[in-house]
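Take 56 as the starting number for the sequence shown in our numbering and just add one per residue.
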Amino acid sequence: MTALADAIADNSVDAQPFGYLITAIAMAWMVFFAAVPLRQPRILGEVSFRSGLLVSEQPFYPFYLLVGLTVLAGVEGELSTVVGQLSLAIVAAVSLGLAVIAVNSTAAPGVVDRALDAGLGEGWRAGGGNTARRRLPLGHILFLPFATRRRDVRLIRNISYGDAGRQNLLDVYASTSGRTGSGVFIFLHGGGFRSGHKSFESRVLLNNLASEGWLCISANYRVGRSASFPDYLVDTKKVIVWARANAPAYGGDASMVAVGGSSAGAHLASMCALTPGHAEFQPGFEEADTTVSAAVCLYGWYGRASGGTGLSSPHDFLPPVAGTAVPPFFVAHGDHDTLVPVEAARDFVSRLREETDAPVVYAELPHAQHAFDLFHSLRSDAVARGIQSFLSNVRTRARR
């Protein structure tokens with residue numbers, strides 16, 4: 056610090072690479088919160104999430120940036136300055152942190168496979184393949200993480216399924232390669248019942264499933280001040296009804312409808328799985344078939360829904376109503392989640408296993424933050440492949 060002060064006193068400030076230093080400090084901030092997530096108080100949980108998410112899932116791009124800036128600083132002779140040397144030391148520490156983050160994420164395929172073994176039995180490997188050994192798209196993960204679209208998948212946007220305008224629109228992902236008839240997978244976005252959009256989360260999963268012949272649907276539902284529970288759930292069940300009526304026109308097999316979601320969307324997916332045919336959640340379409348064949352819950356919230364005054368938590372429907380068949384569940388949650396603590400997922404999975412005979416797959420992802428499925432990463436792609444194997448297994452069992 057004395058040398059830096061002397062440099063400033065000598066009017067050599069302009070020669071100091073402060074841009075390099077600021078970038079290094081910003082990267083150090085993000086790496087710190089990715090490595091040391093803080094839950095409490097709540098504001099720190101939000102800071103941890105927003106600061107650490109990018110590097111926890113994509114440590115490669117920040118590393119490329121730091122290497123490029125370091126080379127540039129070296130070419131311009133800035134590394135010989137006091138600020139340049141300080142910056143280089145920070146960059147070295149940050150690079151080590153990014154390497155540790157990348158290595159930690161390589162555990163995900165094995166974790167997912169062991170979860171499938173525990174939930175489905177080792178026989179799932181014969182039909183679904185070994186997730187840990189399935190080739191991950193390293194080109195996308197390393198260089199094109201945000202390129203989630205696939206050439207063999209057609210995206211049909213903004214189809215209306217209800218009367219709530221933009222909040223009752225859905226997108227359809229359908230295969231263009233002739234691989235159809237695998238079933239229907241409905242996905243529901245997160246956002247704490249306050250916000251969110253159908254084009255945000257799990258696009259890797261949706262495109263991968265559609266490529267394998269699944270008809271995938273990503274839907275908006277009513278959120279914000281104009282909606283309260285059970286509005287969100289009513290909309291979700293309307294999507295199920297729409298899918299059963301319209302899936303065949305897009306090549307989908309309506310006899311198998313699975314539902315999934317992330318965060319608040321996982322809450323809705325689990326509620327759909329546990330409340331099929333409940334008239335209070337199907338006003339005006341009480342007789343419609345809203346059963347689902349499987350549920351997929353990613354970093355889910357399982358407490359009471361926002362605005363809910365009655366029974367609005369999945370726990371409220373465990374044990375299930377007599378005569379209700381609970382479908383298989385796939386639950387994934389990160390142990391670094393600072394928005395929804397991992398203990399909530401553990402408790403929900405424990406209740407499921409105690410109160411139902413349904414297969415339950417639980418993948419607790421080490422070092423994973425909330426919203427780990429936004430783009431290609433070692434972790435999100437491993438989870439997507441695990442879900443593909445899970446759904447293939449459920450479909451195979453249903454056809455026996």
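Glycine included, every Cβ here is placed at the ideal spot set by N, Cα and C.
Simplified DSSP assignment, three categories, for residue i
{"i": "Gly389", "result": "strand"}
{"i": "Leu243", "result": "strand"}
{"i": "Arg209", "result": "strand"}
{"i": "Ser215", "result": "strand"}
{"i": "Ser273", "result": "strand"}
{"i": "Leu99", "result": "helix"}
{"i": "Ala437", "result": "helix"}
{"i": "Asp226", "result": "strand"}
{"i": "Ala328", "result": "helix"}
{"i": "Gly233", "result": "coil"}
{"i": "Val86", "result": "helix"}
{"i": "Ala282", "result": "coil"}
{"i": "Val91", "result": "coil"}
{"i": "Ser250", "result": "coil"}
{"i": "Ala453", "result": "helix"}
{"i": "Leu309", "result": "With the sequence shown as reference, residue 309 is identified as Ala, and Leu is not the correct amino acid for it. Looking at Ala309 - three-state DSSP - the assignment turns out to be coil, as it is neither helix nor strand."}
{"i": "Ser317", "result": "strand"}
{"i": "Ala343", "result": "coil"}
{"i": "Gln443", "result": "helix"}
{"i": "Asn263", "result": "helix"}
Cβ neighbours of residue i in the same chain (closer than 8 Å, five flanking residues each side left out)
{"i": "Ala148", "result": "Ala83"}
{"i": "Leu329", "result": "Pro369, Phe372, Leu373, Pro375, Thr379 and Val381"}
{"i": "Ile156", "result": "Val86, Ala89, Ala90, Val110, Ser111, Pro114 and His422"}
{"i": "Pro338", "result": "Val289"}
{"i": "Gly316", "result": "Phe242, Leu243, His244, Gly245, His322, Leu323, Ala324, Val351, Cys352, Leu353 and Gly355"}
{"i": "Leu93", "result": "Leu99, Gly100, Val102, Ser103 and Thr393"}
{"i": "Lys293", "result": "Tyr216, Gly217, Asn223 and Phe340"}
CA-to-CA distance, residue j to residue i, given in whole angstroms
{"i": "Pro192", "j": "Ala453", "result": "30 Å"}
{"i": "Ala459", "j": "Val438", "result": "Outside the modelled stretch of the chain, which goes from 56 to 455, sits residue 459, for which no answer is possible."}
{"i": "Ser447", "j": "Ala319", "result": "25 Å"}
{"i": "Val314", "j": "Asp402", "result": "21 Å"}
{"i": "Trp297", "j": "Arg277", "result": "16 Å"}
{"i": "Tyr354", "j": "His388", "result": "4 Å"}
{"i": "Gly194", "j": "Phe118", "result": "16 Å"}
{"i": "Arg249", "j": "Arg434", "result": "27 Å"}
{"i": "Arg169", "j": "His333", "result": "35 Å"}
{"i": "Ala154", "j": "Arg280", "result": "43 Å"}
{"i": "Glu267", "j": "Gly246", "result": "28 Å"}
{"i": "Arg97", "j": "Pro164", "result": "31 Å"}
{"i": "Phe284", "j": "Tyr305", "result": "31 Å"}
{"i": "Ile211", "j": "Asp226", "result": "6 Å"}
{"i": "Leu407", "j": "Asp286", "result": "25 Å"}
{"i": "Pro200", "j": "Asp436", "result": "10 Å"}
{"i": "Thr451", "j": "Arg180", "result": "12 Å"}
{"i": "Lys253", "j": "Gly307", "result": "19 Å"}
{"i": "Ser135", "j": "Ala144", "result": "12 Å"}
{"i": "Arg440", "j": "Phe385", "result": "12 Å"}
{"i": "Leu171", "j": "Ala162", "result": "15 Å"}
{"i": "Gln235", "j": "Met311", "result": "In the sequence as presented, Gln is not what sits at residue 235; that position holds Thr. Taking the straight line joining both Cα atoms gives about 13 Å."}
{"i": "Ile214", "j": "Ile295", "result": "14 Å"}
{"i": "His391", "j": "Glu342", "result": "42 Å"}
{"i": "Glu419", "j": "Val137", "result": "44 Å"}
{"i": "Gly152", "j": "Ser432", "result": "17 Å"}
Residues near residue i by beta carbon distance below 7 Å, same chain, minus five either side
{"i": "Gly184", "result": "In this predicted model, Gly184 has a pLDDT of only 47, less than 50, meaning its place in the structure is not dependable; the value taken from the coordinates is given anyway. Around Gly184: Ser444."}
{"i": "Asp344", "result": "Arg299"}
{"i": "Thr291", "result": "Leu243, Tyr276, Leu323 and Cys327"}
{"i": "Gly139", "result": "Pro72, Tyr75, Ala128 and Glu133"}
{"i": "Val146", "result": "Ala79, Leu121 and Thr125"}
{"i": "Ala309", "result": "Val239, Ala298, Arg299, Ala302 and Pro303"}
Residue i CB to nearest heavy atom of the ligand ADP below 7 Å
{"i": "Ala387", "result": "Among the components of this structure there are no ligands whatsoever, and the ligand ADP is therefore not found."}
6 Å Cβ shell around residue i - same chain, five flanking residues per side excluded
{"i": "Arg258", "result": "Thr203"}
{"i": "Trp269", "result": "Ser237, Gly238 and Phe240"}
{"i": "Pro10", "result": "Residue 10 cannot be examined here, being either before or after the span of the chain that is shown, 56 to 455."}
{"i": "Glu410", "result": "Leu373 and Pro374"}
{"i": "Gly358", "result": "Ser368"}
{"i": "Gly174", "result": "Pro414, Val415 and Val416"}
{"i": "Pro331", "result": "Thr345 and Thr346"}
{"i": "Cys271", "result": "Tyr228, Phe240, Leu261, Leu264 and Ala265"}
{"i": "Ser46", "result": "Given a span of 56 to 455 for the chain in the structure shown, any question on residue 46 remains unanswerable."}
{"i": "Ser160", "result": "Leu433 and Arg434"}
Report yes or no: do three or more beta-carbon pairs, one from the region 383–399 and one from the region 359–372, lie closer than 8 Å?
no
Any contact of the region 427–440 with the region 104–114, i.e. 3+ C-beta pairs under 8 Å?
yes
Inside the region 119–205 only - alpha helix (DSSP H) runs reaching at least 4 residues:
137–160, 163–175, 179–183 and 193–198
I'd like the ranges of any beta strand (DSSP E) spanning at least 3 consecutive residues and lying wholly in the region 352–431.
384–389 and 415–420
When you compare the region 115–132 with the region 88–106, are there three or more beta-carbon pairs, one atom per stretch, that lie closer than 8 Å?
no
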